[in-house]
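The next block holds one structure in the form of structure tokens; read it before the comments.
Protein chains in written order, with UniProt numbering: chain A, 1 to 309; chain B, 1 to 253.
Rendered as structure tokens:
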């Protein structure tokens, strides 16, 4: 749906915001772009949407160059910006209708009503924007972006400053849109958001795309798992017979933690769990309970950013 | 041409003027009326005719021009500055709309509003002083060209300004003084020869003079010089707007 080919951006003053970015966004997917502050997420979105001129490279939206064929490219895109940018004195209905007209679409009150209802803004349609809460204003921005029935929706930090309940509501709205065939690209600081919604994840750092991967594959490949063994009798130290498993003591000696990697088999065989259990029995330790935990995307993200530092 | 988008911007800007109808329409009409009361009735009654026209009638074209210039600049500059200020300009710049269409929407609305105001002030003036318009079509041509040209200038100021202070700076420190010194209230024949020569460097003299010519068939400079000046203004404004969009100045990094 979107192809970014060799895009670089150097601002006046020499700041290199994007470096030779190549990226393909598939039709109908939710793609999450992660990265620390100042990594270049918003600049990349701005280049694709035509708000910032690329210094090099090109962007194709459904095959249309976003500079040479900007009308065809832009009419497919809806953008929800990071900042709450609204004209305070207009009503919800007027501002959303304005967005539709601005994108060259004829009036369609039924569509505007559908969008406002989906975003639970219908009751507020005659309110001026200055009368709305921050969460409502953010929903208005989403409504404006959807007013012209775009095929691609960019959400730049869509849930920043939004409470947990509203955030979950928004996730549902985004999923509904994806189900309707809209391609969604979101940037977020909330890893939970990407983990919850994204099909694929891209990590950008200092203007470079350091990784693009299916979310599940990413978590599978990079996800470290932890096996926690709860012991009957507490230990003061890891017994010498278990030293080769690199265990750590936890919970004041009541638990042993074994870290393994499902994609990189441990010593000897598989993940090394069988060998560990055998050695535990040989050491005479009684396990009363055990549980495993997979690394969260946040941990993966932090480790990725550190690796590339 | 994306007419739907142009129409949307145009109507939104017109609606903004209607929302602030008191500030947009009533206030210029009131201030122009005050000029007529003070200069036309109170002081003007003690001044003899200027170039064969009563003083009250003489200042009508100048006052309309004063209002037209200030309103065109103010409306157009605020129209584009406000979305820049609020950040909502992102929507305009990411829409499938050409630069020409953006200008057409904003400048068209500002020029329309100024034109309407010009005609309202003209009608208001008629309540105070009797006058005739010898060349109504030329008068309309001047009104339209001046409204478009100074709305373009306002658009440029709205892009250039990075704060409300700058937004006020040009209208307050340049447009208003040039208009006051541009023969709005006097004929430049009344000035000593040196100041007559200096005044001819003021471009607004040519606009006021041409506009006055359309009313009474006489002006400080020839009608062709006036038309040439407005054409030059228009050309320069269009060139600057074109450069702004080509370079992305203050709009697109």
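In this text, a Cβ means the ideal position worked out from N, Cα and C, and glycines have one as well.
Between the options, which has its C-alpha nearest residue i's C-alpha?
| i | options | result |
| --- | --- | --- |
| residue 80 of chain A | A/185, A/241, A/197, A/243 | A/185 |
| residue 82 of chain A | A/137, A/216, A/59, A/210 | A/137 |
| residue 64 of chain A | A/243, A/3, A/91 | A/3 |
| residue 103 of chain A | A/198, A/38, A/150 | A/150 |
| residue 190 of chain B | B/47, B/119, B/42, B/216 | B/47 |
| residue 311 of chain A | A/227, A/226, A/228, A/250 | As displayed, chain A neither begins before 1 nor continues past 309, which places residue 311 of chain A out of reach and without an answer. |
| residue 256 of chain A | A/244, A/274, A/290 | A/290 |
| residue 260 of chain A | A/227, A/132, A/121 | A/227 |
| residue 210 of chain A | A/154, A/304, A/234, A/258 | A/304 |
| residue 253 of chain A | A/271, A/243, A/239, A/234 | A/234 |
| residue 17 of chain B | B/131, B/91, B/65, B/106 | B/106 |
Go ahead and pull the three-state DSSP assignment for residue i.
| i | result |
| --- | --- |
| residue 119 of chain A | coil |
| residue 293 of chain A | strand |
| residue 215 of chain A | helix |
| residue 56 of chain A | strand |
| residue 231 of chain A | strand |
| residue 105 of chain A | coil |
| residue 9 of chain A | strand |
| residue 99 of chain B | helix |
| residue 52 of chain B | coil |
| residue 10 of chain B | helix |
| residue 148 of chain B | helix |
| residue 299 of chain A | helix |
| residue 224 of chain A | strand |
| residue 19 of chain B | helix |
| residue 15 of chain A | coil |
| residue 124 of chain B | helix |
| residue 31 of chain A | strand |
| residue 310 of chain A | Nothing about residue 310 of chain A can be reported from this structure: the residues present for chain A run from 1 to 309 only. |
| residue 2 of chain A | strand |
| residue 259 of chain A | strand |
| residue 204 of chain B | helix |
| residue 310 of chain A | As displayed, chain A neither begins before 1 nor continues past 309, which places residue 310 of chain A out of reach and without an answer. |
| residue 133 of chain B | coil |
| residue 61 of chain A | strand |
| residue 267 of chain A | Here the model assigns residue 267 of chain A a pLDDT of 48, short of 50, so the residue's position is not dependable, and the following value carries that caveat. Residue 267 of chain A: coil per DSSP, three-state reduction. |
Residues of chain B with a CB under 7 Å from the CB of residue i: which are they?
| i | result |
| --- | --- |
| residue 292 of chain A | Under the 7 Å cutoff, chain B gives no residues; its nearest Cβ is about 46 Å from residue 292 of chain A. |
| residue 106 of chain A | 4 |
| residue 99 of chain A | 91 |
Grab me the residues of residue i's own chain with a C-beta within less than 7 Å of its C-beta, minus the 5 sequence neighbours each way, in chain order.
| i | result |
| --- | --- |
| residue 209 of chain B | 183, 219, 220, 221, 226 |
| residue 117 of chain B | 25, 28, 67, 71 |
| residue 104 of chain B | 6 |
Quick one: list the residues of chain B neighbouring residue i, beta-carbon separation under 8 Å, in chain order.
| i | result |
| --- | --- |
| residue 70 of chain A | 96 |
| residue 52 of chain A | 252, 253 |
| residue 158 of chain A | The premise fails here: residue 158 of chain A is roughly 15 Å from chain B at the closest Cβ pair, so nothing lies under 8 Å. |
| residue 102 of chain A | 5, 8, 9, 91, 92, 95, 97 |
| residue 144 of chain A | 91 |
Suppose the cutoff is 8 Å on Cβ atoms and the five residues either side in sequence are ignored; what does the same chain contact list for residue i look like?
| i | result |
| --- | --- |
| residue 17 of chain A | 9, 10, 11, 40, 43, 207 |
| residue 386 of chain A | Outside the shown range of chain A (1 to 309) lies residue 386 of chain A, about which nothing can therefore be said. |
| residue 33 of chain B | 124, 128 |
| residue 194 of chain A | 32, 34, 186, 188, 201, 215, 297 |
| residue 42 of chain B | none |
Note down, in chain order, every chain A residue with its Cβ under 7 Å from the Cβ of residue i.
| i | result |
| --- | --- |
| residue 88 of chain B | 85, 86, 87 |
| residue 12 of chain B | 98 |
| residue 212 of chain B | Near residue 212 of chain B there are no residues of chain A at all, since even the closest Cβ is about 39 Å away, more than 7 Å. |
To which residues of the same chain is residue i closer than 6 Å at the C-beta, ignoring the five residues directly before and after it?
| i | result |
| --- | --- |
| residue 203 of chain B | 229 |
| residue 157 of chain B | 77, 170 |
| residue 59 of chain A | 4, 48, 66 |
List the residues of chain B that residue i touches, going by C-beta distances under 9 Å, in chain order.
| i | result |
| --- | --- |
| residue 79 of chain A | 90, 91, 94 |
| residue 74 of chain A | 94, 95, 96, 97 |
| residue 11 of chain A | 253 |
Residues of chain A with a CB under 8 Å from the CB of residue i: which are they?
| i | result |
| --- | --- |
| residue 248 of chain B | 53 |
Residue i touches chain A at which residues, Cβ-Cβ below 9 Å?
| i | result |
| --- | --- |
| residue 19 of chain B | 89, 90 |
Quick check on residue i - is its C-beta less than 7 Å from some C-beta in chain E?
| i | result |
| --- | --- |
| residue 143 of chain B | No chain E appears in this structure, whose protein chains are A and B. |
Please find out if some non-hydrogen atom of the ligand FAD comes closer than 6 Å to the beta-carbon of residue i.
| i | result |
| --- | --- |
| residue 128 of chain B | No copy of the ligand FAD appears in this structure; indeed no ligand is present at all. |
Is it the case that the region 184-192 of chain B contacts the region 57-73 of chain B, given that we only count it when at least three CB pairs across the two stretches are under 8 Å? yes
Quick check: the region 65-76 of chain A against the region 89-100 of chain B, are there 3 or more CB pairs under 8 Å? yes
Looking at C-beta atoms only, is the number of pairs between the region 65-80 of chain B and the region 144-164 of chain B that lie closer than 8 Å three or more? yes
Contact between the region 161-176 of chain A and the region 10-28 of chain A is defined here as three or more beta-carbon pairs at a separation below 8 Å; is this criterion met? no
Using 8 Å as the threshold, is the region 110-117 of chain A in touch with the region 157-166 of chain A, meaning 3 or more CB pairs across them? no
Touching or not, the region 129-148 of chain B and the region 104-113 of chain B, by the rule of three or more beta carbon pairs under 8 Å? yes
Counting Cβ pairs, one atom from each stretch, are 3 or more of them under 8 Å apart for the region 187-198 of chain B and the region 159-179 of chain B? no
I'd like to know if the region 120-129 of chain A and the region 86-96 of chain A are in contact, where contact means that at least 3 CB-CB pairs between them fall below 8 Å. yes
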